[in-house]
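1 is the number of the first residue of the sequence shown in full-length UniProt numbering; add one for each residue after it.
Worksheet: the structure to be examined is printed underneath.
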Amino acid sequence: MEPVEINAGTYYLRQLRADRLMDDRPALIEGFADPVHRRYVLNYRLRTLDEATEYVALRTAQWAGDERCSWAIAEPTTGALLGEVGLKDLDLDAGLAEAAVWVSAAARGKGVATVALEAALRFGFGGLDLREVAYRYEESNAASGAVAKRCGFTLIGPEPDLAPTGARLIRWTKRP
1 MEPVEINAGT YYLRQLRADR LMDDRPALIE GFADPVHRRY VLNYRLRTLD
51 EATEYVALRT AQWAGDERCS WAIAEPTTGA LLGEVGLKDL DLDAGLAEAA
101 VWVSAAARGK GVATVALEAA LRFGFGGLDL REVAYRYEES NAASGAVAKR
151 CGFTLIGPEP DLAPTGARLI RWTKRP
């Protein structure tokens, strides 16, 4: 599918970019270097412009392959990257996905994750006809749990498997 931009009110959601008009790569490197981000996002390391370029290309390919809808959470006047929100592990036939969101250290505590996730969920349920979206996070990440609650997810409870760090993952679910 083609990437879709979303007006989320206070913020807007757009495809990640690395071109001559807008380059999210420096902000991605900064975001992924944040100790809090590194603690909870274990499957990606972006330390160089080349790694950030690959990450942007991966997200573009995932859109094209109907695997993941991923948006840069952008400040509306400058387009500056504040974080990323997405619907991953898309199963369009079954109507299932898992939501994911991260926000840069400078943008935390301002409701950015909630606004962005709510907009992504509206697209998922309305535009993709999803029937259920899961949301998982590491138990020690209280901020992530608060976002799930504010977005209307229903708590399912701890996952039976341990996260790579040995911590428990908490699972929530949401239906339209």
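Beta carbons: idealized from backbone N, C-alpha and C, even for Gly.
For clarity, every value in this text was computed on a predicted model and none was experimentally measured.
Query: Rounded separation between Phe153 and Thr10 - CA only; Result: 22 Å
Query: Candidates Gly83, Arg38, Leu121 and Val4: closest to Arg25 by CA position; Result: Gly83
Query: Beta-carbon proximity of Val85 to Leu117, cut-off 7 Å; Result: yes
Query: 4-residue-minimum alpha helix (DSSP H) runs that sit fully inside the segment 67–129, ordered along the chain; Result: 112–122
Query: Buried or exposed (CB count within 10 angstroms, at least 16 for buried), Leu121; Result: buried
Query: Check whether Tyr137 and Ala74 have beta carbons under 7 Å apart; Result: no
Query: Neighbourhood of Arg150 by C-beta, 7 Å cutoff - its chain only, sequence neighbours within 5 removed; Result: Thr114
Query: Whole-angstrom distance between Trp63 and Tyr135, CA atom to CA atom; Result: 19 Å
Query: Integer Cβ distance of Val56 from Leu16, believed to fall under 8 Å; Result: 5 Å
Query: Among His37, Gly127, Thr77 and Asp23, nearest to Arg108 - alpha-carbon criterion; Result: His37
Query: Residues of its chain near Gly79, where Cβ-Cβ distance is below 8 Å and the 5 sequence neighbours each way are ignored; Result: Arg14 and Met22
Query: Of the residues Ile170, Asn7 and Pro176, the one placed nearest Gly95, counting alpha carbons only; Result: Pro176
Query: Exposure label - Leu155; buried when at least 16 CB within 10 Å; Result: exposed
Query: Where Arg59 falls, given that 16 or more other Cβ within 10 Å makes a residue buried; Result: buried
Query: Proximity below 7 Å, CB of Ala99 to CB of Leu87; Result: yes
Query: Cβ distance (whole Å) where Ala52 is taken to contact Leu28 below 8 Å; Result: 5 Å
Query: Own chain, CB closer than 7 Å to Leu128, minus 5 neighbours either side, in chain order; Result: Leu92
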